[in-house]
Amino acid sequence: MKRKYEGETVDVVIVGAGAAGGVLAKELSEAGMRVVVLEAGPWRDPQHDFASDELAMQQLGWQDTRIVDGADPLQMGHNNCGKGVGGGTVHFTGVFLRFHETDFNAKSLDGVGEDWPIGYADLAPYYDKVEKEIAVSGPKHYPWGSFHGPYPYPERDPISLNAQLFAKGCEKLGIRWVVSPLAILSAPFEDRPPCINRGFCTQGCMPNAKFSTLIVHIPKAIQAGAEVLPDCMVTQVNMGKDGRATGVTFVHNGTAYEQRAKLVIISAYAVETPRLLLNSANAQFPNGLANRSGWVGKAFMTHSSNDVYARFDHDVRLYKGTPVLATTQDFYHLSGEVARGYTLHAHGVRPLSFAKGISKSDGNRPVWGSKLHEAMLDYNAYARITMVGEVLPSPDNTVTLCDEKDLNGMPRAKVTFSYGDNDKLLIDHAVSTMKGILQAAGGKPEFVVPDTAHLMGGCRMGSDPDSSVVNSYGQTHDIPNLFVCDASIFVTSGAGNPTNTVMALASRTADYIKKRASRMEL
Amino acid sequence: MKRLTRYPSYNVMNEQHEWDEHTRKILNSRLQTSGNHSFLTVVEAEMLRSWCSLLVDDHRPEIIQFVLDHIDQSLSSGEESQRKPGIPPAQVLVRKGLEALEKACQSIHTELFFHLEEEQQKQLMEEVSQGEAVPLEVWRHVPQQVFFQKLLTMSIEAYYSHPEVWSEIGFGGPAYPRGYARMEQLDPWEAKEEQRKA
Ligand SMILES: Cc1cc2nc3c(=O)[nH]c(=O)nc-3n(C[C@H](O)[C@H](O)[C@H](O)COP(=O)(O)OP(=O)(O)OC[C@H]3O[C@@H](n4cnc5c(N)ncnc54)[C@H](O)[C@@H]3O)c2cc1C
Ligand code: SF4
């Protein structure tokens, strides 16, 4: 393998070229640092490697086996983890929301979950920066949270029939709705065209209308001198006797290599980041790196993401247009029996996911045979709403290592997840709201599909080194030149899609590193 | 009576000249199945042919052959994304499951699964889907519901990716480079409804 920095010690090595890794690579290399990015998956070319096809594009997901345990074992793979340059942003839906002020202090406000060591104001300038950098489209006035718009680019227009039905249902019930803020262009930007409503966002956007770090941040990082190596799986963070990280070991085509670096940043997402830290245990750090507190892999979270399908007496055609084009956050912060809240999206879907979903709609009684076939004949007549529900952090939801090993000899990750009582109440609340909206729009709710989306936590940030893994900049409490920066540093899951927050945090971490490095403090 | 398509004369493949080359190649290859399996044995494939036809409620040979090809390919790749503790890897799960199915059919009906009457087949499938198939000693090492779910998921993946099935459900199909231009009305190439059952 040809390497730019073979045998050298670079300023920064970044593990994972996803949402966070891409931002860090760009920011740090533009600041003149020598950066190497190691990415486990391939480097794809949108126009030639993507296809308008769900089955073929399942390969965008992380398909290596994870062991899933707990009362509510997670469905892993295309559904929640990316693999390849761009990470999850390659096949994310593009919904681009900010967290609300209330997301940062669940414990003080509602007596549940945990408080973050930062508040909304700490992230606000970084949200601004990220949204501007990728020209997020959204409404002129956004009614919820602390940011009320306008967004850099105008909202998408026209919206799909599914989104229009959502709007109609909401209006009948006095629920506010907006055209969703999206990391998808509503007009040309830089050298990219606006969205053509092809609808295959989660199969990878071929025209490049949807932002991903594959097409935005990584090319800019390379322009600034960064080296990005695909198909390189990092198996170990290497440590020196002085208790500082010296670099990483990675495997490419079955051969192990080393990359030495002054600073190691892990941005490998909520399962692989804890796995890597735990697998890097040595005599000095017998329980894994940065794990003096015992919190590596703990308080792992997802979002509840149940879907409700309703049948209409006319065609809706869920395949048309960007999947999510209408949203409400009127239920973002509930009061009463259920703590915290959820976001609702009108959500399009193509036939494979539709069929897979409804086959699981009846709990332990799979829907198959003629029942499935009949429903599918009416695929075009269904509308759908999806929730993004806050799931409270619990120390019992974990990422750990199991005895079974993968092809590189690395122990497989075991992901244990169970919903808590509040999580379940919240799902019930959301499902009944979703049914209500669809009914008000003239539909008949027929399938409720249990599902989850987005992974977070497992290396949470905090001020107290005894109960958290990193500080608010992602710097590990235990090893000053080892950073974790990705969705795993989330303290709570919030009630909206997380990637804007992942990228804002990465941008803030990059600023911190730039400042400290220039003063030789890292 | 069995429900029929609402778009009888629609064929999504008629539009393939509008698609990018990569997508066009992938979809055309689905219409030309091989039947050369690298994981499944001939008997396993025959059992699955009956089983999967009933799972998706369709007996058209070329479509079911694509389902079998997909299952064979998935199992050969060894990729499975996740599994619960104590559950064998997909390859072992399916092989052991089919073995148990064969033994169960022999011991109860002295017949192979694909020789049973359709009603008997469905009955047995229903039992497996609920983890209630007998005789117990035959199924002891097979988590029946997981086995059922695995085959159902793989069958759905392939079946609802077949262009003929897309045409029947009126899915507009690939849309690059042209995209969908009209959101409220139909674009000229989309399926138009010809019959609808109340
Ligand atoms: C289908 C789908 C839809 C989604 N929709 C939305 C949405 O609409 N809005 C939203 O906000 N979020 C959405 N998300 C979530 C979003 O993708 C994630 O929040 C985001 O990508 C997380 O960023 P990250 O940097 O933490 O990790 P990722 O973007 O996942 O990047 C991690 C990268 O690290 C690599 N990696 C892992 N381990 C190693 C290793 N050991 N060595 C080298 N490389 C490694 C991986 O291959 C991957 O490329 C969606 C996700 C999916 C899957
Ligand atoms: S709907 Fe828009 S963003 Fe999504 S894949 Fe199509 S062009 Fe890209």
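Residue numbers (the working numbering), protein chains in the order written: chain L, 16 to 537; chain P, 1245 to 1442. Virtual Cβ for every residue (Gly too), placed ideally from N, Cα, C. Note that the coordinates shown come from a computational prediction; the quantities given were computed from them, not determined experimentally.
| query | If we count the other Cβ atoms within 10 Å of its Cβ and call it buried at 16 or more, is VAL1427 (chain P) buried or exposed? | reply | Looking up residue 1427 (chain P) in the second sequence gives position 183. With the sequence shown as reference, residue 1427 (chain P) is identified as Met, and Val is not the correct amino acid for it. Label assigned to MET1427 (chain P): buried.
- Query: Should PHE369 (chain L) be listed as close to ligand 1, given that the test is whether its C-beta is under 7 Å from any heavy atom?
  - Reply: Within the first sequence, numbered from 1, the residue matching residue 369 (chain L) stands at position 354. No, Cβ of PHE369 (chain L) sits at least 7 Å from all heavy atoms of ligand 1.
The beta strand (DSSP E) with GLU273 (chain L) in it runs from where to where? Counted from its first residue, the first sequence places residue 273 (chain L) at position 258. Taken as a continuous stretch (DSSP letters only), the beta strand (DSSP E) holding GLU273 (chain L) covers 270-281.
Q) Of all the options L:GLY255, L:ASP206 and L:GLU287, which has the alpha carbon lying nearest to the alpha carbon of ASN297 (chain L)? A) The sequence position of residue 297 (chain L) within the first sequence is 282, counting from 1. Per the Cα distances, L:GLY255.
- Query: According to the neighbour-count rule (16 or more other Cβ atoms, all chains shown, within 10 Å of its Cβ), is LEU270 (chain L) buried or exposed?
  - Reply: For the purposes of this step, residue 270 (chain L) is taken as residue 255 along the first sequence, with counting starting at 1. One detail in the question is off: residue 270 (chain L) reads as Thr in this sequence, not Leu. Per the 10 Å Cβ criterion, exposed.
Contact shell at 7 Å, judged by CB to any heavy atom of ligand 2, ordered along the chain
L:GLY109, L:ILE199, L:CYS210, L:ILE211, L:ASN212, L:ARG213, L:GLY214, L:PHE215, L:CYS216, L:CYS220, L:MET221, L:PRO222, L:ALA224, L:LYS225, L:GLY336, L:THR337 and P:GLY1423
task: Could you name the residues of chain L that PHE1415 (chain P) contacts, counting a contact when the two beta carbons are closer than 9 Å?
output: Counting from one through the second sequence, the residue named residue 1415 (chain P) turns up at place 171. Per Cβ cutoff of 9 Å: ARG332, TYR334, ARG365, PRO366, TYR394 and ASN395.
query = What runs of the beta strand (DSSP E), each 3 residues or longer, lie entirely inside the segment 287-368 of chain L?
reply = 313-319, 322-326, 339-343 and 357-362
Can you give, in chain order, each stretch of the alpha helix (DSSP H) that sits fully within the segment 123-197 of chain L and has at least 4 residues? 135-148 and 176-188
How long is the line joining the alpha carbons of SER533 (chain L) and THR24 (chain L), rounded to whole angstroms? Translated into positions along the first sequence, residue 533 (chain L) becomes position 518. Translated into positions along the first sequence, residue 24 (chain L) becomes position 9. In a straight line, the C-alpha of SER533 (chain L) is about 17 Å away from that of THR24 (chain L).
Practice item. Please list the partners that GLN1393 (chain P) has in chain L, where partner means a Cβ-to-Cβ separation under 9 Å. Key: As a first step, residue 1393 (chain P) must be located in the second sequence, where it is residue number 149. Ordered by position in chain L, the residues that pass the 9 Å Cβ test against GLN1393 (chain P) are SER374, LYS375 and PRO381.
- Classify MET1398 (chain P) as helix, strand or coil using the three-state DSSP reduction. In the second sequence, residue 1398 (chain P) corresponds to position 154, counting from 1. If DSSP states are grouped into helix, strand and coil, MET1398 (chain P) belongs with the helices.
Exercise. By how many angstroms is the C-alpha of GLY477 (chain L) removed from the C-alpha of VAL252 (chain L)?
Worked result: To locate residue 252 (chain L), count along the first sequence from 1; it is residue 237. To locate residue 477 (chain L), count along the first sequence from 1; it is residue 462. Cα to Cα, the separation comes out at about 22 Å.
| For GLU242 (chain L): DSSP bridge partner residues | Indexing the first sequence from 1 puts residue 242 (chain L) at position 227. DSSP, once it has assigned bridges, lists L:VAL51 as partnering GLU242 (chain L).
Who does PRO594 (chain L) pair with in a DSSP beta bridge?
Absent from the structure is residue 594 (chain L), since the part of chain L shown begins at 16 and ends at 537.
Which term fits PRO11 (chain L), buried or exposed, when burial requires 16 or more other beta carbons within 10 angstroms of its beta carbon? Missing from the structure shown is residue 11 (chain L); chain L here goes from 16 to 537 and no further.
**Q.** Coil, strand or helix - ALA1442 (chain P) by DSSP
**A.** The residue labelled residue 1442 (chain P) in the question sits at position 198 within the second sequence. The predicted model places ALA1442 (chain P) with a pLDDT of 44, which falls under 50 and marks its position as unreliable, so this point remains unresolved.
Given a threshold of 16 other Cβ atoms within 10 Å of its Cβ, counted over all protein chains shown, does TYR1424 (chain P) qualify as buried or as exposed? As a position in the second sequence, residue 1424 (chain P) is number 180, starting the count at 1. The residue in question, TYR1424 (chain P), is buried, as its Cβ has 16 or more Cβ neighbours within 10 Å.
Quick one: what's got a C-beta closer than 8 Å to GLY1322 (chain P)'s C-beta in the same chain, skipping five residues either side? One-based indexing of the second sequence puts residue 1322 (chain P) at position 78. PRO1333, ALA1334 and GLN1335.
task: Starting from the N-terminal side, write out each stretch of the alpha helix (DSSP H) that is 4 residues or longer and does not extend beyond the segment 1289-1338 of chain P.
output: 1305-1321
Using three-state DSSP, classify ALA519 (chain L) as helix, strand or coil.
Counted from its first residue, the first sequence places residue 519 (chain L) at position 504. In this structure, ALA519 (chain L) counts as helix in the three-state DSSP scheme.
Next on the checklist: I need the straight-line Cα distance from ALA456 (chain L) to ILE1308 (chain P), nearest angstrom please.
Outcome noted: Your numbering for residue 456 (chain L) matches position 441 in the first sequence. Your numbering for residue 1308 (chain P) matches position 64 in the second sequence. Going by the C-alpha atoms only, they are around 38 Å apart.
Item to complete: Please confirm whether any heavy atom of ligand 1 lies closer than 7 Å to the CB of HIS469 (chain L).
Response: Within the first sequence, numbered from 1, the residue matching residue 469 (chain L) stands at position 454. Yes, ligand 1 has a heavy atom inside 7 Å of this Cβ.
**Asked** What residues from chain L crowd round ILE1270 (chain P), counting only those whose CB sits closer than 7 Å?
**Response** Within the second sequence, residue 1270 (chain P) is the residue found at index 26, counting from 1. Per Cβ cutoff of 7 Å: ALA66, ASP68 and ALA71.
Three-way DSSP call (helix, strand, coil) for CYS216 (chain L) in this model
Locating residue 216 (chain L) in the first sequence gives position 201, counting from the first residue. Correct three-state label for CYS216 (chain L): helix.
For LEU138 (chain L) and GLU116 (chain L), what's the separation of their Cα atoms in angstroms?
Here residue 138 (chain L) corresponds to residue number 123 of the first sequence, with the count starting at 1. Here residue 116 (chain L) corresponds to residue number 101 of the first sequence, with the count starting at 1. Cα to Cα, the separation comes out at about 10 Å.
Selection of the segment 89-119 of chain L by Cβ proximity to chain P, strictly under 8 Å: LEU89, GLN90, MET91, GLY92 and HIS93
Q: Buried or exposed for LEU1248 (chain P), please, with buried defined as at least 16 other CB atoms from any protein chain shown within 10 angstroms of its CB.
A: Here residue 1248 (chain P) is taken as the residue at index 4 of the second sequence, counted from 1. Exposed, since its Cβ has fewer than 16 Cβ neighbours within 10 Å.
Neighbour flag for TRP1410 (chain P) against chain L, beta carbons, 8 Å: As a first step, residue 1410 (chain P) is located in the second sequence; it is residue number 166 there, counting from the start. It does: the Cβ of TRP1410 (chain P) has a partner Cβ on chain L nearer than 8 Å.
(message) Can you determine whether any heavy atom of ligand 1 sits closer than 7 Å to the C-beta of HIS362 (chain L), and answer yes or no?
(response) Walking along the first sequence from the start, residue 362 (chain L) turns up at place 347. Not so, every heavy atom of ligand 1 lies at least 7 Å from the Cβ.
* Return the CA-CA distance between GLY134 (chain L) and PHE119 (chain L), expressed in angstroms with no decimal places. => Within the first sequence, numbered from 1, the residue matching residue 134 (chain L) stands at position 119. Within the first sequence, numbered from 1, the residue matching residue 119 (chain L) stands at position 104. Taking the straight line from one Cα to the other gives about 6 Å.
Check: When you compare only the Cα positions, how much space is there between GLY372 (chain L) and TYR527 (chain L)?
Finding: As a working note, residue 372 (chain L) is residue 357 in the first sequence. As a working note, residue 527 (chain L) is residue 512 in the first sequence. Each residue's Cα considered, the two are about 43 Å apart.
Q.
Once the 5 residues before and after LEU244 (chain L) are set aside, which same chain residues still bring their CB inside 6 Å of it?
A. Mapped onto the first sequence, residue 244 (chain L) falls at position 229. Taken in chain order, the residues that qualify are LEU53.
Practice problem: Return no unless some Cβ of chain P is closer than 8 Å to the Cβ of SER503 (chain L). | Solution: The count along the first sequence starts at 1 and reaches residue 503 (chain L) at position 488. No, its Cβ sits nowhere closer than 8 Å to a Cβ of chain P.
Leaving out five residues before and five after ASP1313 (chain P) in sequence, what residues of the same chain have Cβ atoms less than 8 Å from its Cβ?
The count along the second sequence starts at 1 and reaches residue 1313 (chain P) at position 69. Hits under 8 Å: THR1277, SER1278, GLY1279, HIS1281 and ALA1402.
Close Cβ partners of ALA1442 (chain P) (< 7 Å) along its chain, the five nearest in sequence each way excluded: Sequence index remark: in the second sequence, residue 1442 (chain P) carries index 198 (1-based). Interpretation of ALA1442 (chain P) is limited by its pLDDT of 44, a score under 50 that renders its predicted location unreliable; no figure is taken from the coordinates.
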